[in-house]
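**Q**
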Amino acid sequence: MTHPILFVCLGNICRSPAAEGVLRALRPDWRIDSAGTSDWHVGEPPYGPMQAAAKARGYDLSRLRARQFTAVDFTKFSLILCMDAENLANVERLRPKGNVTPARLFTDYAAEAGVNHVPDPYYTRDFDGCLDLIEACAKGLIAGA
Ligand code: 4NP
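Convert by adding 93 to the 1-based position in the sequence shown; the result is the number in the working numbering.
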């Protein structure tokens, strides 16, 4: 059982909602959610340019709303996938004593991409490149499930 899966980034308005939308589209039978390590955008929909790039590929992110990752998420999900090492470190800091839920980097599932994080398009402005990488990681995740 590889789900429920929680995707985590910093703001929960670009990378992790995009990953949530891609996985929901590819595996509608899986339970998928996303969260941010920060509280900066709580309650907001995904960032406009991210939504537009996703919509162009058929992924509707419009109903998603940002929320902050909490320690309780360790008990609600069977796999936590983070977009970069800083997100993973911030997630690990909240791990309850004795909890063994795996928390990993999403890019672990696309070794062929040769990267160790999903670059943040909020800063790079490369929303299509972000989706390319997320789709590659998603396919690897599904293939290994
Ligand atoms: P995300 O991108 O972590 O992929 O959602 C970000 C969005 C907003 C900010 C940082 C990262 N921000 O600084 O507001």
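Every residue, glycine too, gets a C-beta built ideally from N, C-alpha and C.
For Gly136, which residues in the same chain have their Cβ closer than 7 Å to its Cβ, ignoring the five residues on either side in sequence?
**A** Excluding sequence neighbours, Gly136 sits near Arg158, Ala159.
**Q** Assign Val165 to one of two classes, buried (16 or more other C-beta atoms within 10 Å of its C-beta) or exposed (fewer than that).
**A** Under this definition Val165 is an exposed residue.
**Q** Can you find the residues in the same chain that come closer than 8 Å, C-beta to C-beta, to Gly151, ignoring five residues on each side of it along the sequence?
**A** Cβ neighbours of Gly151 beyond the five flanking positions: Ala118.
**Q** Could you check if Cys230 belongs to the surroundings of ligand 1, using beta carbon to heavy atom distance under 7 Å?
**A** Checking every heavy atom of ligand 1 against the Cβ of Cys230, none is found closer than 7 Å.
**Q** Compute the Euclidean distance between the alpha carbons of Asp132 and Gly237, then round it to the nearest angstrom.
**A** Those two C-alpha atoms are separated by around 32 Å.
**Q** Report whether the distance from the Cβ of Arg158 to the nearest heavy atom of ligand 1 is below 7 Å.
**A** Outside the cutoff, so no.
**Q** If you run the structure through DSSP and keep just helix, strand and coil, what is Asp126?
**A** In this structure, Asp126 counts as strand in the three-state DSSP scheme.
**Q** Less than 6 Å between C-beta atoms, sequence neighbours within five positions excluded: which residues of the same chain meet that for Ser109?
**A** These residues qualify, in order along the chain: Phe100, Val101, Cys102, Ser127.
**Q** Compute the minimum distance between the beta carbon of Cys107 and the heavy atoms of ligand 1, and state whether it is under 7 Å.
**A** It does: the Cβ of Cys107 is within 7 Å (strictly closer) of some heavy atom of ligand 1.
**Q** If you measure from the CB of Cys102, is any heavy atom of ligand 1 nearer than 7 Å?
**A** For ligand 1, at least one heavy atom lies less than 7 Å from the Cβ of Cys102.
**Q** For Arg197, which residues does DSSP report across the bridge?
**A** Paired residue(s): Leu174.
**Q** At a cut of 8 Å, does the stretch 185-195 reach the stretch 213-223 through at least three beta carbon pairs?
**A** Too few Cβ pairs lie closer than 8 Å, so no.
**Q** Measuring CB atoms only, is the stretch 166-181 touching the stretch 140-147, in the sense that at least three cross pairs come out at less than 8 Å?
**A** At 8 Å Cβ cutoff, the stretches do not touch.
**Q** Could you check whether Ser171 and Pro97 sit closer than 8 Å to each other, using their CB atoms as the reference points?
**A** Yes, Cβ-Cβ distance for Pro97 and Ser171 is below 8 Å.
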